[in-house]
Amino acid sequence: MCKVPTIIGAVVLAATAAFGQYTNIAWISFHPGDNQPTTNAAARGFTQAPDAGYTQLLANNGYSVTRFVTQDNPPQSLIDQLNTFDLIIISRSVNSAHYQQPNETLAWNSSITKPLMILGGYVLRESRLGYVTGNTIPDTTNAIRLQIEQPSHPIFQGIARDAQNVMLNPYADIVTLVVSGTNNVQRGISVVTDPLDGGGTILATVAPADAGPVGGTRMIIAEWSAGATLTPSDGGARNEVLGSRRMVFLTGSRESATVGTSEVAGVFDLIGDGPQLFLNAVAYMIPEPSSAGLLLLGGLPLLLRRRR
């Protein structure tokens, strides 16, 4: 009896499992599902989560995304569950007060041992997770391009830029949408302008010509190595060691001052090369496939030849 299909099937399943385990993303947000906005958001006319544009972009590019609702005092059971994912992303659509107290900052900074991306500036502040040394946070007021500060970094592969390493195409724009039955202009990206803590590396900033009220570092994208030390200050200054790699990738609108709830923040605002840059960053933050998986796939041609 020929057992080649059975053997090959087993190899393919094993290889698929080896690769598939690197595509699972945990998404932290106010909203429990893409089609389940919070009560406050639904009352203002949202039929989808305001930040659904990001999770849909990820799903359309082959990622498996699971939503978790942001919460005060995250229990150890939640931290343990998040650590089974390959990448964790904290949406712009969260309550920054959930990332403030000593037990909360320790959980997110040190107890999370998988790569983590943060999309919103408010949770970065010294009074929150402590990725920056202050709390100054103006909003962008117009479409922006990015100044690429580390041109050889892999997340910028395929991103067109000029001789000064400014993106040729836009990154993000101001969002206008219907809220409570009225066209409503949202505020822009909230940019913390203070210096980075913990030896972080700035990868991209708001292009000078597009900065408007955003001064200081103008940081939009930055990264930190595992083992870096942050010093959040709420509840008393303390040192916290990062449990894995971290990336800040600022995107998502700030709610209009008139809508009455922050639960409509984080609407997808990427345009031009912004979506591709986001996907590049996600791919960069996900661990490499295991050598075992690569060997399994690499051995398929040899197996076929030997069985003929």
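Our numbering puts the first residue of the sequence shown at 34, with every later residue one more than the last. Glycine included, every Cβ here is placed at the ideal spot set by N, Cα and C.
Buried versus exposed, by CB contacts within 10 Å (16 or more), residue i
| i | result |
| --- | --- |
| serine 110 | exposed |
| valine 274 | exposed |
| asparagine 106 | exposed |
| serine 126 | buried |
| leucine 114 | Here residue 114 is glutamine; the residue named in the question, leucine, does not match the sequence. Burial call: exposed. |
| valine 211 | exposed |
| proline 148 | buried |
| proline 171 | buried |
| proline 241 | exposed |
| proline 265 | buried |
| alanine 196 | exposed |
| lysine 36 | Because lysine 36 carries a pLDDT of 44, less than 50, the predicted location of this residue cannot be relied on, and no value is offered for it. |
| arginine 72 | In the sequence under discussion, the amino acid at residue 72 is threonine, which differs from the arginine named in the question. Exposed: under 16 other Cβ atoms inside 10 Å. |
| threonine 103 | buried |
Beta-carbon proximity check, residue i vs residue j, cutoff 9 Å
| i | j | result |
| --- | --- | --- |
| phenylalanine 311 | phenylalanine 282 | yes |
| isoleucine 222 | glycine 154 | yes |
| asparagine 175 | glycine 245 | yes |
| aspartate 230 | glutamine 134 | no |
| glycine 95 | threonine 56 | yes |
| arginine 278 | tryptophan 257 | yes |
| lysine 84 | isoleucine 177 | Position check: residue 84 holds aspartate in this sequence, whereas lysine was assumed. Against a cut-off of 9 Å, the Cβ pair of isoleucine 177 and aspartate 84 comes out as no contact. |
Element boundaries [beta strand (DSSP E), containing residue i]
| i | result |
| --- | --- |
| methionine 200 | Run containing methionine 200: none; DSSP gives neither H nor E here. |
| threonine 256 | Here residue 256 turns out to be glutamate, not threonine, going by the sequence shown. 252-257 is the extent of the beta strand (DSSP E) around glutamate 256. |
| leucine 210 | 209-212 |
| asparagine 57 | 57-62 |
| isoleucine 122 | 120-123 |
| isoleucine 112 | First-last for isoleucine 112: 109-115, but that is the alpha helix (DSSP H), not the beta strand (DSSP E). |
| valine 281 | 279-282 |
| asparagine 216 | 215-218 |
| alanine 314 | Not the beta strand (DSSP E): alanine 314 falls in the alpha helix (DSSP H), residues 307-318. |
| alanine 82 | That residue, alanine 82, is in no beta strand (DSSP E); it is neither H nor E in DSSP. |
Contact belief for residue i with residue j at Cβ below 8 Å, rounded distance in angstroms
| i | j | result |
| --- | --- | --- |
| leucine 157 | valine 225 | 5 Å |
| serine 361 | arginine 220 | Outside the displayed range of the chain (34 to 341) lies residue 361, so it cannot be described from this structure. |
| valine 98 | leucine 179 | About 25 Å separates the two Cβ atoms, so there is no contact after all. |
Proximity to residue i [Cα-Cα], best of the options
| i | options | result |
| --- | --- | --- |
| proline 228 | Arg100, Leu263, Met200, Leu210 | Leu263 |
| threonine 80 | Gln89, Asp67, Leu90, Ile58 | Asp67 |
| isoleucine 188 | Gln309, Ala298, Pro83, Asn142 | Gln309 |
| threonine 88 | Arg278, Thr103, His64 | His64 |
| asparagine 202 | Ala314, Thr56, Leu303 | Leu303 |
| histidine 186 | Val292, Ala237, Ala205, Val297 | Ala237 |
| methionine 318 | Glu182, Ile121, Thr103, Gly191 | Ile121 |
| valine 208 | Gly285, Ala193, Tyr164 | Gly285 |
| isoleucine 192 | Gly307, Thr117, Ala76, Gln69 | Gly307 |
Limits of the alpha helix (DSSP H) - the one that residue i falls within
| i | result |
| --- | --- |
| leucine 229 | Unbroken run through leucine 229: none, as it is neither H nor E. |
| phenylalanine 301 | First-last for phenylalanine 301: undefined, no H or E at that position. |
| leucine 138 | As written in the sequence, residue 138 is threonine, which differs from the leucine given in the question. Looking at the DSSP string, the run of the alpha helix (DSSP H) that includes threonine 138 is 135-139. |
Any chain C beta carbon closer than 9 Å to residue i
| i | result |
| --- | --- |
| leucine 303 | No chain C appears in this structure, which consists of one protein chain only. |
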